[in-house]
Every structure is written in C-alpha cells, then in structure tokens.
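*Asks:*
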Amino acid sequence: MLNKICDLLEKTGNIRRSSYLWNAINAMLSALQSPVILMVMTRTNGVYDAGVFSIAFAVASLMLYVGLYGLRRFQASDIHEKYSFQEYQAMRFVTCGAMIVASVAYCVYGIGFKGYGPEKAAVVFLMCMLKLVQAYTDVIHGNMQQKDRLDVATKCSSVRYVLEVLGLIAALAVTHDLLLSSIVCVAVSVIGMMLTTVNAGHRYCESYRPSISRGKFRTLLIDGFPIFISLFLNMYISNAPKYAIDAYLTEEIQAVYNIIFMPAFMVMLIANFIFNPILTSYAELWLSGTREAFLELNRRIRQQLLLVLGLTVLGLAVAWTIGIPILSWIFGVDLHAYRIELCIVMIGGGALAYATFFSTVVTIIREQNFLLVCYGIAALAAFVLSGILVRNHGILGAATLYAVIMTILAVLLAVLTFKKLSDARRNLQNA
C-alpha cells in the first residue's frame with residue numbers, strides 16, 4: 371500500500387506543469403485552512419471557541435517560522451549540495467526543538483500573564499504542534515524540490531492540509547469540544563505525514579539519520595538567520611492586531627476581527643498569484659544591464675502598482691456594499707456594526723500587497739539585507755502602537771493598527787525600491 375501511495379504521488383505526464391499546478395493548489399489550501407475551520411466553528415461551537423482557535427492559529431503560525439528558520443528556499447536552491455540532506459535535517463531537528471520550547475514558553479506566559487485557562491493554553495500548544503508537523507515535513511519537501519520533484523512535495527502537503535481540516539471539522543461536528551478536536555487534528559496530521567511525506571521521502575532522501583559537524587551547523591545557522599528574522603517579523607507584523615486583541619479584548623472580538631480580516635487576506639492571496647509568475651522575467655530584465663531592459667522593467671513595475679491599486683479599490687467597493695452581509699451569512703455571525711472596520715482592514719490588505727511586491731523587487735535587485743531594516747521599523751511601530759490603539763479603541767483600533775503598520779511597511783519598501791532603481795538609472799546614464 372505504501373508503494374502504491376508513492377506511485378500515485380509521483381504519477382504525472384509533465385513534471386514542470388504538475389509542479390506549477392500543485393504549488394498553486396497547495397498555497398490555496400494552506401491559505402484556506404483557517405477561514406474554512408473558522409466558518410465551521412462559529413456554527414458548531416460559537417464565537418468564543420472561534421476566537422480561541424483564531425489566536426491559537428496565529429501564535430502557531432508565528433512559531434512555525436522558528437521551526438522553519440527560513441531555510442526552505444536556501445535548501446531547494448542548493449543544487450551543488452553544499453550541505454547534505456542529513457545536515458539540513460539535523461538543523462531542522464534543532465529548530466523544531468527550539469519551536470517546541472518557544473511554544474511551551476508562550477503557553478506558560480499566557481497562563482501567568484494573560485489570563486489563559488488550562489484549556490486555552492492546551493489548544494494553543496496543540497496548534498503549535500500541528501505547525502511543528504509542517505516544519506519537519508518542510509525539510510523533506512525541500513529535498514524533493516532539490517531533486518526537481520516539487521510536484522511530489524506539494525501533493526504531500528495538499529493531502530495533509532485536507533486531512534487536517536476534515537479531521538478537525540469532523541471532530542467538531544461530533545464532539546463540539548475544541549480541545550478534543552485539536553488533538554484529533556494533530557493525530558490525523560501525523561498520520562498524513564507518515565503516509566505521504568515520510569513514505570515518499572525514502573525515494574529521495576539518502577537517510578533520515580541526522581548528521582552535521584559543528585562548523586557546518588554554525589555556517590548554516592548564519593546563512594539562514596537574515597531570512598528567518600525577516601519572515602518572523604513579517605508574520606509578527608501581520609498578526610500584531612490579533613496578539614493585541616488577545617491581550618486586551620475578548621475571544622468574541624478576536625473571532626469578529628479574524629472574520630473581517632478574511633477579504634483583506636484574499637486581496638493579498640490574489641496579488642501573490644499575480645506576482646509569482648513574473649519573478650523570472652523581472653530578474654532577467656534586471657540582470658541584462660541594458661537601458662532598454664531597465665525601461666521595460668520600470669514599465670512593468672508601474673503596471674503591477676496600478677493592478678494592486680485596482681484590486682484594492684475593487685475590494686473596498688465590495689466591502690462597503692455587500693461585504694458585511696456576505697460575511698455575516700458565511701460565518702453565521704452578525705457583523706453589521708463593523709463595516710468601517712472591514713474597509714479599514716481592506717486598506718491594510720492593499721498596503722500589504724504593495725509591501726509584498728516591493729519586497730519581491732528588492733530581492734530581485736539583490737538588496738534584501740535592507741529588508742531587515744524595513745521589517746524591523748514596522749515591527750517596532752506595531753509593538754509601540756498595539757496597546758495604545760487596541761486598548762483604547764477596541765476592534766476599530768485593531769483594524770487601524772493593521773492598516774497603519776502595513777502602510778508604514780509599504781512606504782519604507784517603496785522608498786527603498788525607488789531609490790535603488792534611481793541609482794541604477796543614474797549608473798546606466800553614466801556608463
């Protein structure tokens with residue numbers, strides 16, 4: 371049976387086309403996990419449990435980046451195998467261990483300083499363990515991608531995402547118990563991992579036994595650190611309003627915020643689908659070094675900026691007119707008092723789409739070290755403003771916090787991008 375599962379995962383008529391398709395499916399399933407579960411949970415368990423799940427998922431998503439340590443792209447692009455799979459896996463064991471410690475520490479902090487009850491802390495920890503499964507499987511998927519089988523890796527992830535959602539929803543429908551359902555979800559995820567990723571990984575990984583020298587561990591730790599910090603800060607910035615709501619407001623408001631956040635997230639998701647296919651062509655134009663190519667790159671950048679603006683305006687129009695009735699119907703929660711908050715969050719979603727695009731351009735022109743400065747400033751602003759806005763203005767303050775942080779990040783990255791492009795234009799003119 372295990373071999374048949376592997377054969378099904380590897381079956382394809384065109385590896386490249388299958389990789390592109392399943393990568394898109396995998397990204398969509400990952401993005402839809404939280405909204406789908408939240409939609410079911412508001413109807414089966416009510417708004418309070420939906421709020422508990424929302425903050426648990428947000429904390430787990432932050433902890434995930436401790437486990438991943440930003441090494442996936444580094445590993446997948448290591449075609450000359452500077453580091454072996456056993457070395458990447460040894461590093462992943464260390465980072466996953468750090469993720470467990472950080473998760474426990476957060477739960478202890480929640481109980482001691484944020485008023486978490488034992489059940490809420492347990493749900494938060496279980497969601498972190500759910501993401502721990504993702505953190506570990508990622509190193510095997512990176513090895514598959516290294517061997518030009520991204521399609522197999524994304525099929526494994528897609529199957530596991532579906533099993534996790536179905537397992538949690540089924541358990542909720544039967545028991546209406548969030549803690550027990552979370553346990554079922556983690557158990558189903560582990561089983562899914564063993565049947566797909568670990569099973570198929572035997573065909574690509576030399577050995578699952580980790581091994582790394584002290585010197586290589588140190589260099590791998592250094593290589594991944596800037597990426598880890600950038601991704602960690604990005605996740606913190608995106609979820610800062612949720613953490614502030616958890617500290618100052620109620621579980622019901624947490625659930626409402628997460629519901630009105632969904633349309634803004636969809637703007638970002640659509641923008642990512644548009645951005646990803648253009649990366650290679652942008653890089654080629656930049657590396658060509660000719661005046662004509664540079665002008666074409668500038669033209670395409672302007673086109674993308676207008677496209678994001680169009681998506682944001684469209685999203686705002688939908689949010690103002692029919693957004694609240696549709697969201698109220700989908701989630702079974704009366705949201706008619708939150709139209710202004712929804713529109714403010716949509717503005718933040720558009721700003722995040724701009725920030726993502728500018729960070730992509732900055733990476734293409736190989737100035738990614740400056741990303742740490744931009745994300746660091748935005749994270750500091752989030753830390754300073756969180757308590758002020760959310761404690762004093764409730765959910766309106768949370769929505770405003772999100773829009774302000776994302777606008778700060780987008781402006782910083784825009785200034786950096788246009789400065790570097792201006793410097794490049796000046797160099798071409800002087801050449």
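Residue numbers (my numbering): 371 to 801. Ideal placement from N, C-alpha and C gives every residue a C-beta, glycine not left out. Quantities reported herein were computed from a predicted structural model and do not represent experimental measurements.
(1) Rounded to whole angstroms, what is the Cα-Cα separation between L750 and F631?
(2) Run the CB neighbour count on E621, radius 10 Å, all protein chains shown included, and call it buried at 16 or more, exposed below.
(3) Between the C-alpha atoms of D508 and R661, what's the straight-line distance to the nearest angstrom?
(4) Enumerated in chain order, which unbroken segments of the beta strand (DSSP E) with a length of 3 residues or greater are wholly contained in the segment 739-790?
(5) What's the gap between the Cα of F727 and the Cα of V544?
(6) Name the residue from L438, K374, V781 and A768 whose alpha carbon lies nearest to the alpha carbon of A617.
(7) Return yes when the Cβ of A689 is within less than 7 Å of the Cβ of L712, no when it is not.
(8) From I592 to K586, what distance separates their C-alpha atoms?
(9) How is S577 classed by DSSP in three states: helix, strand or coil?
(10) Can you tell which of V554, Y531 and V532 has the C-alpha that lies nearest to the C-alpha of L542?
(11) Quick one: grab the DSSP three-state call for K564.
(12) Can you give, in chain order, each stretch of the beta strand (DSSP E) that sits fully within the segment 439-471 and has at least 3 residues?
(13) Just to confirm my understanding: we take Y574, look at its own chain, exclude 5 residues before and 5 after, and list those with CB closer than 7 Å. What are they?
(14) Whose C-alpha, out of V731, I395, C466 and H572, is nearest the C-alpha of K790?
(15) Between the Cα of Y724 and the Cα atoms of L438, G702, Q673 and V760, which residue gives the shortest distance?
(16) Apart from the five residues just before and just after G702, which ones in its own chain have a Cβ nearer than 7 Å to its Cβ?
(17) Are the segment 440-448 and the segment 595-614 touching, with three or more C-beta to C-beta distances below 8 Å?
(18) Count the C-beta pairs between the segment 462-481 and the segment 403-422 that are closer than 8 Å, then say yes if the count reaches three, no if not.
(19) Express the C-alpha separation of T465 and A491 in angstroms, rounding to a whole number.
(20) In three-state DSSP terms, what is Y486?
(21) Considering Cα atoms alone, identify which of L533, H572 and S577 is closest to A557.
(22) By DSSP, does K501 sit in helix, in strand, or in coil?
(23) Rounded C-beta distance between A430 and C526? I'm assuming under 8 Å.
(24) Report the residue from K501, S552 and K452 whose alpha carbon sits nearest the alpha carbon of T589.
(25) Please identify the residue among I510, M409 and V529 whose C-alpha is closest to the C-alpha of Y824.
(26) Kindly indicate the opening and closing residues of the alpha helix (DSSP H) around L619.
(27) For the pair the segment 676-694 and the segment 600-615, tell me if three or more CB-CB distances fall below 8 Å.
(28) Taking the alpha carbon of M563 as the reference point, which residue from P611, L502 and G594 has its own alpha carbon closest?
(29) Less than 7 Å separating the beta-carbons of Y652 and I734?
(30) Provide the residue span of the alpha helix (DSSP H) that contains M409, from first to last.
(31) In this structure, how does DSSP classify T660 when only helix, strand and coil are distinguished?
(32) With distances taken between CB atoms, is the gap from P580 to Q504 smaller than 7 Å?
*Replies:* On the basis of the data shown:
(1) Here residue 750 corresponds to residue number 380 of the sequence shown, with the count starting at 1. Here residue 631 corresponds to residue number 261 of the sequence shown, with the count starting at 1. Using only the alpha carbons, I get a separation of about 22 Å.
(2) Translated into the one-based positions of the sequence shown, residue 621 becomes position 251. By the neighbour-count criterion, in which a residue is buried when 16 or more other Cβ atoms sit within 10 angstroms of its Cβ, E621 is buried.
(3) To locate residue 508, count along the sequence shown from 1; it is residue 138. To locate residue 661, count along the sequence shown from 1; it is residue 291. About 41 Å.
(4) List check, beta strand (DSSP E) in window: nothing returned.
(5) Along the sequence shown, read from residue 1 onward, the residue named residue 727 stands at position 357. Along the sequence shown, read from residue 1 onward, the residue named residue 544 stands at position 174. Their backbone Cα atoms lie some 43 Å apart in a straight line.
(6) Along the sequence shown, read from residue 1 onward, the residue named residue 617 stands at position 247. Closest option to A617, Cα to Cα, is A768.
(7) Residue mapping note: residue 712 aligns to position 342 of the sequence shown, counting from 1. Residue mapping note: residue 689 aligns to position 319 of the sequence shown, counting from 1. When the beta-carbon positions are compared, L712 and A689 come within less than 7 Å of each other.
(8) Working through the sequence shown from its first residue, we reach residue 592 at position 222. Working through the sequence shown from its first residue, we reach residue 586 at position 216. Taking the straight line joining both Cα atoms gives about 10 Å.
(9) Here residue 577 is taken as the residue at index 207 of the sequence shown, counted from 1. Of the three classes helix, strand and coil, the one that applies to S577 here is coil, per DSSP.
(10) Here the question's residue 542 lines up with position 172 in the sequence shown. Among V554, Y531 and V532, the Cα nearest to that of L542 belongs to V554.
(11) Residue mapping note: residue 564 aligns to position 194 of the sequence shown, counting from 1. Note that residue 564 is Met in the sequence shown here, rather than Lys. Residue state, collapsed to three classes: helix.
(12) Taken in chain order, the complete beta strand (DSSP E) segments of 3 or more residues contained in the segment 439-471 number zero; there are none.
(13) Position 204 of the sequence shown, counting from 1, holds the residue named residue 574. Annotation for Y574: N513, M514, K517 and R519 place their beta carbon closer than 7 Å to its own, counting only its chain and skipping 5 residues before and after.
(14) Your numbering for residue 790 matches position 420 in the sequence shown. For the residues V731, I395, C466 and H572, the minimum Cα distance to K790 belongs to V731.
(15) Reading the sequence shown from its first residue, position 354 is the one you call residue 724. The residue among L438, G702, Q673 and V760 with its C-alpha nearest the C-alpha of Y724 is Q673.
(16) For this step, residue 702 is matched to residue 332 along the sequence shown. Within its own chain, the residues whose Cβ lies closer than 7 Å to the Cβ of G702, once the five positions on either side in sequence are excluded, are T412 and R413, listed in chain order.
(17) Touching, yes, given that three or more Cβ pairs across the two stretches are closer than 8 Å.
(18) Inter-segment contact for the segment 462-481 and the segment 403-422 is absent: fewer than three beta-carbon pairs are separated by less than 8 Å.
(19) Working through the sequence shown from its first residue, we reach residue 491 at position 121. Working through the sequence shown from its first residue, we reach residue 465 at position 95. C-alpha of A491 to C-alpha of T465: approximately 22 Å in a straight line.
(20) Numbered from its first residue, the sequence shown carries residue 486 at position 116. It is coil, neither helix nor strand.
(21) Mapped onto the sequence shown, residue 557 falls at position 187. Selection L533, H572 and S577 evaluated against A557 yields L533 as nearest (Cα-Cα).
(22) Stepping through the sequence shown from its first residue, residue 501 is reached at position 131. In this structure, DSSP gives K501 a helical state, which the three-state scheme calls helix.
(23) On the sequence shown, position 60 is the one that residue 430 refers to. On the sequence shown, position 156 is the one that residue 526 refers to. Contact doesn't hold; Cβ gap of about 20 Å is too wide.
(24) Counting from 1 along the sequence shown, the entry for residue 589 is found at position 219. Selected option, being the one with the closest Cα: K452.
(25) With the chain covering only 371 through 801, there is no way to say anything about residue 824.
(26) Taking the sequence shown and counting its residues from 1, the one referred to as residue 619 is at position 249. No alpha helix (DSSP H) contains L619, which DSSP labels as neither H nor E.
(27) With the rule of 3 Cβ pairs closer than 8 Å, the segment 676-694 does not count as touching the segment 600-615.
(28) Taking the first residue of the sequence shown as position 1, residue 563 is located at position 193. Closest option to M563, judged by alpha-carbon separation, among P611, L502 and G594: L502.
(29) On the sequence shown, position 282 is the one that residue 652 refers to. On the sequence shown, position 364 is the one that residue 734 refers to. Going by C-beta atoms, Y652 is nearer than 7 Å to I734.
(30) The sequence position of residue 409 within the sequence shown is 39, counting from 1. Segment I385 to T414, the alpha helix (DSSP H) holding M409.
(31) Counting from one through the sequence shown, the residue named residue 660 turns up at place 290. Of the three classes helix, strand and coil, the one that applies to T660 here is coil, per DSSP.
(32) Start at 1 with the first residue of the sequence shown, and residue 580 comes out as number 210. Start at 1 with the first residue of the sequence shown, and residue 504 comes out as number 134. No, they are not a contact pair.
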